[in-house]
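For reference, the structure discussed in these notes is given below.
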Amino acid sequence: MSTQGTLRDILRETLDIGDRADSLADDTPLLGNLPELDSMAVVEVVAGLEQQFGITVYDDEVDAEAFATFGSLVKFVEGKQQ
Amino acid sequence: MLIAPPLAEEMNRSRTLIASLARDLAGVGFETLLPDLTGTGDSSGLLENQRWQHWLDDMSFMASWAATHCSLPLSVLGIRMGGLLAANLATETPIDSLILWHTPADGSTWLEHTKRQQLATKGRALGGKSPPGYRFHPALETDIAAQKLGSQKLATEKVLLIDRDTAQSAAYEEVRQVWQDTSSVCQTLVVSTPPYWALEKPVICNPLITETKLFLTGNVP
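Quick mapping for you: the protein sequence lines, in order, are chains A and B. In terms of my numbering, the first sequence has 72 at position 72, counting the first letter as 1, and numbering is strictly consecutive. Convert by adding 82 to the 1-based position in the second sequence; the result is the number in my numbering.
Listed below in C-alpha cells is the structure:
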C-alpha cells in the first residue's frame with residue numbers, strides 16, 4: 001500500500017474517523033481542523049507512524065509543521081523513510 | 083470486579099467505555115467498582131501530593147472493602163497505568179482473574195508519551211513529565227518510571243493482557259512467560275480498537291468488552 005493509503009488507515013483507526021479518512025487530500029489541514037487531533041491523539045498517531053512505518057520520531061519533530069496538512073504528514077513520513 | 087483506573091486525562095476519556103463495560107457485566111452478575119484514586123476525580127487530596135504507594139494503598143483498601151461488601155470472587159481490571167497498580171495488588175491478594183487493558187509494559191514509556199503531549203500542546207517541553215494540565219510530584223514521576231510489568235509475583239489464577247496492536251507484543255510475550263509460571267492461564271490478545279484513552283469523544287469498543295466478559299465468565303479466548 002502507498003504511504004498515503006497507510007497513513008489514511010492510521011488516522012482512520014487512531015482517530016476513529018471512519019469514512020472521513022477517505023476524503024483527506026494533500027491540502028487538507030489536520031491540526032486545528034480535525035477536532036479529534038488534539039495533543040493526546042497526536043501522540044497516539046505518532047506511535048502508529050513509528051510502528052507501521054518502522055521509523056523513529058524524535059521529540060523535536062513532534063510539531064505543528066509535520067501535522068499541518070495531510071500532505072505535510074505524508075512528506076514527513078517519506079522523509080523519515082529515506 | 084474492581085477497576086484500577088487510568089491516570090490523569092486518560093481516566094476522563096475512558097469513563098464512558100468503563101460505564102458501558104460495567105453495565106454489560108451487570109447483565110452477567112458482576113458488580114463493578116471504579117474508585118477515584120486519592121487526589122483524583124472526586125476523591126480528597128491533592129494530585130501533586132500523591133505518590134505511587136498511596137494509590138497502591140487505595141487499591142488494597144478497595145480489595146478489602148470488596149471482600150466484605152461484594153460477592154466473591156474478586157477480579158481486577160487494570161486500565162492503562164492502572165494495570166501496573168492492578169498487577170501489584172495481585173501479588174498481595176488472591177485474585178480470580180486479572181485483566182490488563184493497554185497497559186504499558188514499562189512505566190517510563192508512558193512518561194515519554196506524556197512528555198510528547200506537552201510538546202504537542204506547547205511546542206516545547208514544560209519540564210518534568212506530567213501530563214498537560216496535571217501536576218505530578220517529581221517523586222511520583224520517578225515511581226512511575228520504575229514500574230515494569232512482569233516484576234510482580236502474582237497470586238492470580240487467570241491473567242489476560244489486551245493491547246490494540248502489536249507494538250508491545252514482544253514485551254508482553256516476555257511478561258506472559260514469567261507470569262505463566264505462577265498462573266494457570268496467562269494469555270495475551272490483540273483486539274483492534276481506537277485508543278479510547280486518548281480520544282475526547284466517547285468510544286465504545288464492543289470487541290474489547292466482549293473479550294473481557296468472555297474471560298471473566300470462564301470462557302478463555
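Quick reminder that beta carbons are idealized off the backbone N, C-alpha and C, glycines included. Computed from a predicted model, the values in this text were never measured in an experiment.
First and last residue of the uninterrupted beta strand (DSSP E) at residue i
{"i": "residue 160 of chain B", "result": "157-161"}
{"i": "residue 238 of chain B", "result": "238-245"}
{"i": "residue 179 of chain B", "result": "177-183"}
DSSP state of residue i mapped onto helix, strand, coil
{"i": "residue 86 of chain B", "result": "strand"}
{"i": "residue 256 of chain B", "result": "helix"}
{"i": "residue 353 of chain B", "result": "It is not possible to answer for residue 353 of chain B, since the shown part of chain B is limited to 83 through 303."}
{"i": "residue 4 of chain A", "result": "helix"}
{"i": "residue 30 of chain A", "result": "coil"}
{"i": "residue 49 of chain A", "result": "helix"}
{"i": "residue 118 of chain B", "result": "coil"}
{"i": "residue 269 of chain B", "result": "strand"}
{"i": "residue 211 of chain B", "result": "coil"}
{"i": "residue 295 of chain B", "result": "helix"}
{"i": "residue 235 of chain B", "result": "coil"}
Unbroken alpha helix (DSSP H) run spanning residue i, endpoints
{"i": "residue 134 of chain B", "result": "134-151"}
{"i": "residue 173 of chain B", "result": "164-174"}
{"i": "residue 286 of chain B", "result": "Segment: none, residue 286 of chain B is in no alpha helix (DSSP H) and carries neither H nor E."}
{"i": "residue 98 of chain B", "result": "91-108"}
{"i": "residue 81 of chain A", "result": "70-81"}
{"i": "residue 35 of chain A", "result": "Segment: none, residue 35 of chain A is in no alpha helix (DSSP H) and carries neither H nor E."}
{"i": "residue 248 of chain B", "result": "Taken as a continuous stretch (DSSP letters only), residue 248 of chain B belongs to no alpha helix (DSSP H), as it is neither H nor E."}
{"i": "residue 227 of chain B", "result": "220-227"}
Beta-carbon proximity of residue i to residue j, cut-off 9 Å
{"i": "residue 182 of chain B", "j": "residue 202 of chain B", "result": "no"}
{"i": "residue 186 of chain B", "j": "residue 199 of chain B", "result": "no"}
{"i": "residue 84 of chain A", "j": "residue 15 of chain A", "result": "With chain A represented from 1 up to 82, any question about residue 84 of chain A goes unanswered, as that position is not in the structure."}
{"i": "residue 121 of chain B", "j": "residue 115 of chain B", "result": "no"}
{"i": "residue 226 of chain B", "j": "residue 180 of chain B", "result": "no"}
{"i": "residue 251 of chain B", "j": "residue 275 of chain B", "result": "no"}
{"i": "residue 159 of chain B", "j": "residue 103 of chain B", "result": "yes"}
{"i": "residue 249 of chain B", "j": "residue 51 of chain A", "result": "yes"}
{"i": "residue 41 of chain A", "j": "residue 277 of chain B", "result": "yes"}
{"i": "residue 238 of chain B", "j": "residue 188 of chain B", "result": "no"}
{"i": "residue 314 of chain B", "j": "residue 272 of chain B", "result": "In the structure as shown, chain B starts at 83 and stops at 303, and residue 314 of chain B therefore has no counterpart that could be examined."}
Buried versus exposed call for residue i [16 or more other C-beta atoms within 10 Å across all chains shown]
{"i": "residue 207 of chain B", "result": "The predicted model places residue 207 of chain B with a pLDDT of 47, which falls under 50 and marks its position as unreliable, so this point remains unresolved."}
{"i": "residue 234 of chain B", "result": "buried"}
{"i": "residue 132 of chain B", "result": "buried"}
{"i": "residue 257 of chain B", "result": "buried"}
{"i": "residue 49 of chain A", "result": "buried"}
{"i": "residue 11 of chain A", "result": "buried"}
{"i": "residue 33 of chain A", "result": "exposed"}
{"i": "residue 157 of chain B", "result": "buried"}
{"i": "residue 151 of chain B", "result": "exposed"}
{"i": "residue 39 of chain A", "result": "buried"}
{"i": "residue 265 of chain B", "result": "buried"}
{"i": "residue 58 of chain A", "result": "exposed"}
{"i": "residue 87 of chain B", "result": "buried"}
{"i": "residue 56 of chain A", "result": "exposed"}
{"i": "residue 153 of chain B", "result": "exposed"}
{"i": "residue 65 of chain A", "result": "exposed"}
{"i": "residue 117 of chain B", "result": "buried"}
{"i": "residue 21 of chain A", "result": "buried"}
{"i": "residue 60 of chain A", "result": "exposed"}
{"i": "residue 282 of chain B", "result": "exposed"}
{"i": "residue 105 of chain B", "result": "exposed"}
{"i": "residue 110 of chain B", "result": "exposed"}
{"i": "residue 27 of chain A", "result": "exposed"}
{"i": "residue 164 of chain B", "result": "buried"}
{"i": "residue 25 of chain A", "result": "exposed"}
{"i": "residue 24 of chain B", "result": "Residue 24 of chain B is absent from the structure shown; chain B starts at 83 and stops at 303."}
{"i": "residue 298 of chain B", "result": "buried"}
{"i": "residue 76 of chain A", "result": "buried"}
*asked:* For the pair the stretch 134-149 of chain B and the stretch 66-73 of chain A, tell me if three or more CB-CB distances fall below 8 Å.
replied: no
*How about the stretch 236-244 of chain B and the stretch 285-301 of chain B: do they share at least three Cβ pairs that are nearer than 8 Å?*
yes
*Three CB pairs or more closer than 8 Å across the stretch 248-266 of chain B and the stretch 218-232 of chain B*: yes
*For the stretch 216-230 of chain B against the stretch 30-47 of chain A, are there 3 or more C-beta pairs whose distance is under 8 Å?*
no
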